[in-house]
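Novice: With the numbering used here applied, the sequence shown covers 6 to 566. Note that beta-carbon positions come from the ideal geometry of N, C-alpha and C, so glycine has one too. Below is a structure I'd like to ask you about.
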Amino acid sequence: MIRLLKIILLSLPFFLNAQNKLDTYKISYNQIVNGKKTDGITEVFFQNQMVFLTKNSDKVQQYIDLANKNNISTIAYEDKIFKKLISFDSLPQPKKENDTKEILGFSCQHVSYSYFSNRIDVWYTEQSKAKATPNANYLPSTNALVLQMVFNGNQTLVANAITKVENYQPFINYDAKSIEVTASEFEEIIINSRFKRLLVFEKEIINFDPKRIVPNEKELTNDQVYHFSNGSVILKKIKVTPELKNSQAIFAKLICKSNGDAYDRTGSVFIVPSKENDSAINLLDAYLYGLNKLPVFTDNKSNKYQGFIKENEYSPAIEIMRFFTPFGVNYFNDKRKINHYNWAKEVVYKEEVTSVIPNDKAEFWIGVFIGNYDKGGHEVSLELDVYPSLDKKEKDFKKYIEPLFSTVNTMEMSGQNYGGLFANDTLKVNFEIKDEVQNLELLYTTTGHGGWDNGDEFVPRMNKVYVDGQEVFKIVPWRTDCGTYRLSNPASGNFADGLSSSDLSRSNWCPGTLTPPYSIPLSNLKKGNHSIEVVIDQGPNEGQSTNHWNVSGVLVGKLIN
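Given below as structure tokens:
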């Protein structure tokens, strides 16, 4: 008896393998689009009441468990295996049609599905030993082999062969320890797995705090958050990871809410460019040692402005996102309750910043500024969402990024002047292009501020940009959609005419929104010395309310090797 048992146990793998060979089939489908056959082939495998729909290399693995009547999807993410189970009962249900057709010698029944405004026609047989479908959502029965699917009348999958397969080793990447999640959670994991989230700041406070101690330069390290300019600026040094260097697209995502400040404030996300040599200076020097480290621009009225333009060994900030805080979102929500007004809990700003994120440096500083004199200030979180490049040819190119000017006074709380020079002068910068650059363009961001009814915040003003004396761009920057964002502004003032202060049209900005840059193509600009000049029709001041313009300009492109 024991001998017989040993023989059975020793023979069991053989019998299982033999059974696997008998029960393993490959079904191949041609892909037809608008009546034309493509080069694409879809293959699925059937073995022991399991259908395998994906390749081993696919990020998301899909299986159909006919025995247990479940669709199974799995994904490896952050060193874990997550799985989603969908029972057949919750799948779209078929509607029987009256016609039949013959495919690969099988008489096939016809059913149709309606799903997300799409019509899917399916022809299947129950006479085949193989049981499968090329799409897990559409399986008419556990005994069915789908031989043709037509999506919206113009995309077709039709079986061209059913082949018995020997020595097929199914790829199953899940087990009892895999983490089961809901369908919505699984979709979130899929989306998150497609890009790398680089967290820069998490729930950092930007406020006015004169007691903030300026750190020692020698103690500055990576991944540590530092507060400068009396608390109104946060900075962090980050490494240029392979994901950042080889990315196809990068988005900056900023979340902001009030921690006590009730007003609409200018905000800026920016990069402090690396120094080209030991004698160069940048904004970090000024944050550490004071405004006197910055070069001074003097206008026609002898007014002085610190650090506004590129000159000598100094480069201004690379602005990557201009934003404006709402009137007290979150902090004042419960203090200003209005029927049918469901105030936003926070404001999320998101903008593509691919062209202004350096990929030829080992590291750089990234910062956030919000101009305010409030002790509570604002709470912000910032991340860079990095999407990988799928084109190998695009992986190793170097970006050209050259900041030319920025009148966004991120050291306002340390005494840096506003950009009010346009009332009596222009902003002119001399610069040199030292390399051959492809697709050169100027990213020009502009917003007007100051005054009341007749101030530049509320009066349209012409902006013009000249390069080498030639006008290359002109616009009256103006926003008329500010009323869209009223529910982000609980502390906004309401007027007798029914308007809210946050509703008013403005010079290219609204409380609680982004102001994206204008893209000015400069592809004809060659290597050599050039000049750029910004001219703005700035209006006169009203009493103590001064007009000024926050403008920034960054040249971007692709370096030609």
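Please state whether DSSP places S536 in a helix, a strand or coil.
Specialist: strand
Novice: Relative to the alpha-carbon of E388, which residue among Y268, L204 and V556 has its alpha-carbon at the smallest distance?
Specialist: L204
Novice: Can you find at least 3 beta carbon pairs, one from the region 545 to 560 and one from the region 415 to 427, that sit closer than 8 Å?
Specialist: yes
Novice: With DSSP as the reference, label F427 as helix, strand or coil.
Specialist: helix
Novice: Spatial neighbours of T431 within its chain, please: C-beta separation below 6 Å, excluding the five flanking residues on both sides.
Specialist: E538 and V540
Novice: List in chain order: all unbroken alpha helix (DSSP H) runs of 4+ residues lying wholly within the region 160 to 238.
Specialist: Within the region 160 to 238, the complete alpha helix (DSSP H) runs of at least 4 residues are 188 to 198.
Novice: Using DSSP's beta-bridge definition, name the partner residues of S92.
Specialist: N75
Novice: Could you pull the start and end residues of the beta strand (DSSP E) that A135 belongs to?
Specialist: A135 -> no beta strand (DSSP E), and no H or E assigned at all.
Novice: To the nearest angstrom, how far is the alpha carbon of V353 from that of V385?
Specialist: 10 Å
Novice: Buried or exposed: H454, going by 16 or more other Cβ atoms within 10 Å of its Cβ?
Specialist: buried
Novice: By the DSSP assignment, the alpha helix (DSSP H) with A291 in it spans what residues?
Specialist: L288 to Y294
Novice: Taking DSSP as the reference, what is the three-state secondary structure of G372?
Specialist: strand
Novice: I need the straight-line Cα distance from N459 to E547, nearest angstrom please.
Specialist: 8 Å
Novice: Could you round the C-beta distance between Y173 and T79 to whole angstroms and report it? I think they count as a contact, below 8 Å.
Specialist: Not really, about 19 Å apart at Cβ, beyond 8 Å.
Novice: Where do the N-terminal and C-terminal ends of the alpha helix (DSSP H) with E248 fall, by residue?
Specialist: P247 to K250
Novice: Just checking, does the region 257 to 265 make contact with the region 355 to 374 on the three C-beta pairs under 8 Å criterion?
Specialist: Two segments are said to touch when three or more pairs of C-beta atoms, one from each, lie closer than 8 Å; by this definition the region 257 to 265 touches the region 355 to 374.
Novice: Just to confirm my understanding: we take V230, look at its own chain, exclude 5 residues before and 5 after, and list those with CB closer than 7 Å. What are they?
Specialist: The beta carbon of V230 lies closer than 7 Å to those of F206, E209, I239 and K241 in the same chain, with the five residues before and after it left out.
Novice: Tell whether a beta-carbon distance below 8 Å holds between M418 and S237.
Specialist: yes
Novice: Name, in chain order, the residues that DSSP records as bridge partners for H115.
Specialist: W128
Novice: So, helix, strand or coil for E417, using DSSP?
Specialist: E417 sits in a helix when the DSSP states are folded into three classes.
Novice: Quick check: what's the CA-CA separation for S198 versus L519?
Specialist: The straight-line gap separating the alpha-carbon atoms of S198 and L519 is approximately 27 Å.
Novice: Could you check the C-alpha separation between I32 and F369 for me, to the nearest Å?
Specialist: Straight across, the Cα-Cα distance linking I32 with F369 is about 53 Å.
Novice: Which same chain residues end up closer than 6 Å to Y292 when comparing Cβ atoms and leaving out the 5 residues on each side of it in sequence?
Specialist: Sequence-distant partners of Y292 (beyond 5 residues in either direction) whose C-beta falls short of 6 Å from its own C-beta, in its chain, are F233.
Novice: Using only the alpha-carbon positions, how far apart do N347 and I565 sit?
Specialist: 52 Å
Novice: Given a cut-off of 8 Å, decide if F156 and S133 are closer than it, judged by their beta-carbon atoms.
Specialist: No.
Novice: What first and last residue would you give for the beta strand (DSSP E) that runs through Y378?
Specialist: Premise fails: Y378 is in no beta strand (DSSP E) and is neither H nor E.
Novice: Would you mind reading off the limits of the beta strand (DSSP E) that contains F478?
Specialist: Q475 to I480
Novice: Buried or exposed: where does G558 fall if 16 or more other Cβ atoms within 10 Å of its Cβ makes it buried?
Specialist: buried
Novice: Are at least three pairs of beta-carbons, each pair with one atom in the region 325 to 338 and one in the region 263 to 270, less than 8 Å apart?
Specialist: yes
Novice: State the start and end residues of the unbroken beta strand (DSSP E) segment that holds D104.
Specialist: D104 -> beta strand (DSSP E) spans K100 to I108.
Novice: With V556 and F410 assumed to form a contact (beta carbons below 8 Å), what rounded beta-carbon distance in angstroms separates them?
Specialist: 7 Å
Novice: In chain order, what residues of the same chain lie with their CB nearer than 6 Å to the CB of N338, ignoring the 5 residues before and after it?
Specialist: W348 and P495
Novice: Sorted by chain position, which residues of the same chain lie with C-beta nearer than 8 Å to A622's C-beta, five sequence neighbours on each side aside?
Specialist: Because residue 622 is not part of the residues shown, which for the chain are 6 to 566, the question remains open.
Novice: Per DSSP, what are the beta-bridge partners of W457 in this structure?
Specialist: The partner list for W457 (beta bridge, DSSP) is empty, contrary to what the question assumes.
Novice: Can you have a look at T485 and say buried or exposed, based on whether 16 or more other CB atoms are within 10 angstroms of its CB?
Specialist: exposed
Novice: Determine, using beta carbons only, whether N75 and F176 come nearer to each other than 8 Å.
Specialist: no
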